[in-house]
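Undergrad:
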Amino acid sequence: MSGFVATALVTGGSRGIGRAVARTLAGEGFQVYLTYVSKAAEAAAVVAEIEAAGGKARAFALDVSRAEAVEAFFREEIKEKVLLSVLVNNAGITRDGLILRMKDEDWDSVLDTDLRGPFVCLREASKIMVRQRRGRIVNVVSVVGQMGNAGQANYSAAKAGLIGLTKSAAKELAGRDITVNAVAPGFIETDMTGGLSEEVRKAYQDQIPLRRLGSAQDVAEAVAFLASDKAAYITGQVLAVNGGMYC
Ligand code: NAP
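Numbering follows the numbering used here, with no gaps: position 134 of the sequence shown is 1295.
#1: Would you report the Cα separation of Val-1291 and Ile-1339, rounded to the nearest angstrom?
#2: Rounded to whole angstroms, what's the CA-CA distance from Thr-1168 to Arg-1219? Just pull it up for me.
#3: If you draw a straight line from the C-alpha of Glu-1241 to the C-alpha of Met-1263, how long is it?
#4: Please classify Asp-1379 as buried or exposed, where buried requires at least 16 other C-beta atoms within 10 Å of its C-beta.
#5: According to the neighbour-count rule (16 or more other Cβ atoms, all chains shown, within 10 Å of its Cβ), is Gln-1307 buried or exposed?
#6: Below 8 Å CB to CB, which residues in the same chain sit around Glu-1350 once its five sequence neighbours on both sides are set aside?
#7: Does the region 1220-1231 touch the region 1268-1288, meaning 3 or more C-beta pairs lie closer than 8 Å?
#8: Using alpha carbons as the reference points, say which of Asp-1269, Leu-1244 and Ser-1246 lies closest to Arg-1256.
#9: Looking at Arg-1294: is its Cβ nearer than 8 Å to the Cβ of Leu-1387?
#10: Would a check of beta-carbon distances place Arg-1277 closer than 8 Å to chain B?
#11: Name, in chain order, the residues that DSSP records as bridge partners for Gly-1258.
#12: Check Leu-1334 in the structure and name its three-state DSSP category.
#13: In terms of DSSP beta bridges, what is Tyr-1197 paired with?
#14: Let's see if you can read the secondary structure: which residues bound the beta strand (DSSP E) around Thr-1168?
#15: Counting C-beta neighbours from all protein chains within 10 Å, is the total for Asp-1275 16 or more, i.e. buried, or is it exposed?
#16: How should Ser-1246 be labelled, buried or exposed, when 16 other C-beta atoms within 10 angstroms of its C-beta is the threshold for buried?
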């Protein structure tokens, strides 16, 4: 694959943490392929912003919960078309509710998007990276996958599962110089958390020793580090970016 531009694939790159990751990796010199599920205008704006700064990016509509669509995307846009240096499994959703009232569909949609989606992306990326004999995979998990959270049993289970996937994949892929790590954000200011009441935000902030909510850029810096050569000897780890709220 020599002669190809090193490419970083960021799922859910149209908004929030994924957008910050896309911009940061583009700034590090990667061509960035970012995906979105419904917000085409936001994704196009991220591409335009990266290009205006002198970088290279493309946006693709891809629902990560649809395995056949993910497989087709890797076959048609990635395999033998780019040097896939980095995969950032960032796309994620929440469907909060207490266990006693949680509908099966809320369980399934979160598990499909937040765990099965990253698994299929990781599997398809691994097939390519194994042949390249190099690669970096970073999974965006969550502090609630480590500590649990009332009202987020589905989301916590998906993120805890993704931590297990990260550690297993790290062991399977290390022999081909592919590292697999996770970044576990705490409470980060994005659309995902934007709907919470002031009272709930204040309650979270009071639990954070650094006394502020995190920014998408705080998370992007950790992802960029794990995606870089500086992290060449780090694999199977979960890097918390949570202001100290869970150690
Ligand atoms: P966000 O602002 O809600 O953005 C979510 C992104 O994921 C969007 O780009 C969205 O695309 C995309 N997406 C959603 N469902 C998808 C699907 N089925 N297929 C492909 N893309 C999909 O979320 P965020 O706060 O940046 O969160 C990003 C990641 O960080 C998630 O994995 C989340 O669980 C994790 N995280 C967030 C926090 C936090 O406090 N914000 C804390 C811990 C972990 P569209 O724009 O097209 O909808």
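Even for Gly, the Cβ is constructed at its ideal location relative to N, Cα and C.
TA: A quick look at the data gives this:
#1: Here residue 1291 is taken as the residue at index 130 of the sequence shown, counted from 1. Here residue 1339 is taken as the residue at index 178 of the sequence shown, counted from 1. Rounded to the nearest angstrom, the two C-alpha atoms are 8 Å apart.
#2: Position 7 of the sequence shown, counting from 1, holds the residue named residue 1168. Position 58 of the sequence shown, counting from 1, holds the residue named residue 1219. Approximately 10 Å, taken between the alpha carbons.
#3: The residue labelled residue 1241 in the question sits at position 80 within the sequence shown. The residue labelled residue 1263 in the question sits at position 102 within the sequence shown. One C-alpha to the other measures close to 43 Å.
#4: Reading the sequence shown from its first residue, position 218 is the one you call residue 1379. The C-beta of Asp-1379 has 16 or more other C-beta atoms within 10 Å across all chains shown, which makes the residue buried.
#5: Here residue 1307 refers to the residue found at position 146 when the sequence shown is read from its first residue. Looking at its Cβ environment, which holds 16 or more other Cβ atoms inside 10 Å, Gln-1307 is buried.
#6: Taking the first residue of the sequence shown as position 1, residue 1350 is located at position 189. For Glu-1350, where only same-chain residues beyond five positions count, the Cβ hits under 8 Å are Leu-1374, Gly-1375, Ser-1376 and Ala-1377.
#7: yes
#8: One-based indexing of the sequence shown puts residue 1256 at position 95. Nearest option by C-alpha distance: Asp-1269.
#9: Here residue 1294 corresponds to residue number 133 of the sequence shown, with the count starting at 1. Here residue 1387 corresponds to residue number 226 of the sequence shown, with the count starting at 1. No, the Cβ-Cβ distance between Arg-1294 and Leu-1387 is not below 8 Å.
#10: No chain B appears in the structure shown, which is made up of a single protein chain.
#11: Start at 1 with the first residue of the sequence shown, and residue 1258 comes out as number 97. Gly-1258 is bridged to Gln-1313.
#12: Working through the sequence shown from its first residue, we reach residue 1334 at position 173. Reduced to three states, the DSSP call for Leu-1334 is helix.
#13: Counting from 1 along the sequence shown, the entry for residue 1197 is found at position 36. Looking at the DSSP assignment, Tyr-1197 forms a beta bridge with Ala-1222.
#14: Residue numbering aside, residue 1168 sits at position 7 when the sequence shown is read from its first letter. Looking at the DSSP string, the run of the beta strand (DSSP E) that includes Thr-1168 is 1167-1171.
#15: Here residue 1275 corresponds to residue number 114 of the sequence shown, with the count starting at 1. Burial call: buried.
#16: Numbered from its first residue, the sequence shown carries residue 1246 at position 85. Under this definition Ser-1246 is a buried residue.
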